[in-house]
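>
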Amino acid sequence: MHDMTDRYAVTGNPVAHSKSPQIHAEFARQTGQDMVYERLLAPLDAFDATVEQFRTAAGKGLNVTVPFKEAAFRYAHRRTPRAEAAGAVNTLKFENGEILGDNTDGAGLVRDLTANLKQALAGKRILLMGAGGAARGVIAPLLAQQPAALVLANRTLAKARQLAELFGGTLTASSYEALAGQRFDLVINATAASLSGELPPLPPGLYADGALAYDMMYGRGHTPFLRAALADGAARVADGLGMLVEQAAESFALWRGVRPDSAPVLAELRRLVEAG
Ligand code: ATR
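All you need for my numbering is the position in the sequence shown, starting with 1, plus 345.
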């Protein structure tokens with residue numbers, strides 16, 4: 346067989362709006378890696394068949410996005426401990442006929458918080474809102490930073506309680522109402538509320554001095570949650586664009602064995618997002 350450029354892609358449904366091809370093309374250019382990175386639209390009922398075709402056509406790896414992260418978890422032969430903890434896979438690596446499943450979302454969030462935003466996590470009180478896949482994916486990496494407390498608040502309390510049982514340690518479940526009177530150094534929105542133009546029902550006055558409010562969503566200007574957080578006394582706000590770039594950098598490092606420089610890529614992406 347002759348030499349071929351290594352192929353990667355992001356798969357999801359929809360996938361047309363994904364920024365991953367742009368991010369990985371820039372990482373590849375920067376590090377001099379010979380690779381291409383495409384978009385792969387998978388029909389909702391044909392994730393496995395679509396991925397299998399890509400893999401047998403010399404594909405080396407995939408990023409996996411909505412709604413296939415659980416399907417990718419099942420599809421993998423072998424999973425990293427952080428993928429097992431997340432119960433979902435956002436990165437697949439194909440090597441020697443084996444399918445490795447990883448999850449870089451939590452590491453991407455922690456890196457954005459600690460390296461880009463200089464937010465200390467050890468000994469801090471963290472509130473994580475939401476108990477779906479987005480929240481679950483970041484719990485273990487956050488706990489590994491040894492916060493004083495990680496409180497998981499969810500509208501449906503039973504779902505938060507299930508996760509608290511699963512992870513144990515300093516993770517505790519809470520309703521939104523029961524948060525009243527508490528203070529947090531970091532409040533992370535991992536709910537899907539903004540998709541329907543809503544806000545999680547957070548009681549007022551939760552932000553400690555110097556607190557950071559972080560929204561996993563991103564867009565032009567501040568998200569509704571970040572606007573509300575500033576109005577309620579958060580000292581700093583950040584959206585999820587940095588997490589997007591950092592999870593991509595983690596995937597790139599897993600595939601290629603080199604770590605790209607995320608800062609210029611994040612700056613350029615920010616410019617494009619703000620330009621609309
Ligand atoms: P994802 O994979 O993005 O996490 P998901 O599994 O559907 O998506 O989870 C969505 C999360 O957003 C849940 O925690 C959901 O709360 P419930 O478990 O109570 O449904 C939360 N969510 C969605 N809309 C919300 C809203 N308007 N206010 C508060 N939480 C909301």
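Think of the CB as a built atom: it goes at the ideal place given N, C-alpha and C, for glycine as much as any other residue.
Since D393 is in the beta strand (DSSP E), which residue starts that stretch and which ends it?
Position 48 of the sequence shown, counted from the start, is the residue given in the question as residue 393. Segment F392 to T401 is the alpha helix (DSSP H) holding D393; no beta strand (DSSP E) there.
> Could you give the distance in angstroms between the alpha-carbon of G542 and the alpha-carbon of M561?
To locate residue 542, count along the sequence shown from 1; it is residue 197. To locate residue 561, count along the sequence shown from 1; it is residue 216. Approximately 15 Å, taken between the alpha carbons.
> Closer than 7 Å to a non-hydrogen atom of the ligand ATR - does that hold for the CB of R572?
The residue labelled residue 572 in the question sits at position 227 within the sequence shown. It does not: the Cβ of R572 is nowhere closer than 7 Å to a heavy atom of the ligand ATR.
> Beta carbon of T395, beta carbon of T436: below 8 Å?
Here residue 395 corresponds to residue number 50 of the sequence shown, with the count starting at 1. Here residue 436 corresponds to residue number 91 of the sequence shown, with the count starting at 1. It is not a contact, given that the beta carbons lie outside the stated cut-off.
> Leaving out the 5 sequence neighbours to the left and right, which residues in its chain are closer than 7 Å to G477 when beta-carbon positions are compared?
The residue labelled residue 477 in the question sits at position 132 within the sequence shown. Contacts found: A537.
> To the nearest angstrom, how far is the alpha carbon of H422 from that of L445?
Walking along the sequence shown from the start, residue 422 turns up at place 77. Walking along the sequence shown from the start, residue 445 turns up at place 100. Cα to Cα, the separation comes out at about 6 Å.
> Can you tell which of R427, P412, E383 and A503 has its C-alpha closest to the C-alpha of D390?
Mapped onto the sequence shown, residue 390 falls at position 45. Here the closest residue by C-alpha is P412.
> What residue from A503, A485 and R528 has the CA that sits closest to F512's CA?
On the sequence shown, residue 512 is found 167 positions in, with the first residue counted as 1. The candidate whose alpha carbon is nearest that of F512 is A485.
> Among residues of its own chain, excluding the 5 on either side of A574, which ones have a beta-carbon nearer than 6 Å to its beta-carbon?
Position 229 of the sequence shown, counted from the start, is the residue given in the question as residue 574. Once the five neighbours on either side are set aside, the close Cβ partners of A574 are A558 and V582.
> Whole angstroms is fine: what's the gap from K405's alpha carbon to G578's?
Numbered from its first residue, the sequence shown carries residue 405 at position 60. Numbered from its first residue, the sequence shown carries residue 578 at position 233. Each residue's alpha carbon lies about 46 Å from the other.
> Can you have a look at T501 and say buried or exposed, based on whether 16 or more other CB atoms are within 10 angstroms of its CB?
As a working mapping, residue 501 is identified with position 156 in the sequence shown. T501 should be labelled exposed.
> In chain order, what are the residue ranges of uninterrupted beta strand (DSSP E) at least 3 long that sit wholly in the region 453 to 538?
Fully enclosed beta strand (DSSP E) runs of 3 or longer: 470 to 474, 494 to 498, 516 to 519 and 529 to 534.
> My output table needs one value for V603: the three-state DSSP class, helix, strand or coil.
Residue mapping note: residue 603 aligns to position 258 of the sequence shown, counting from 1. It is coil, neither helix nor strand.
> Which residue comes first and which comes last in the alpha helix (DSSP H) that contains K414?
In the sequence shown, the residue the question calls residue 414 occupies position 69. From DSSP, the alpha helix (DSSP H) with K414 extends over K414 to Y420.
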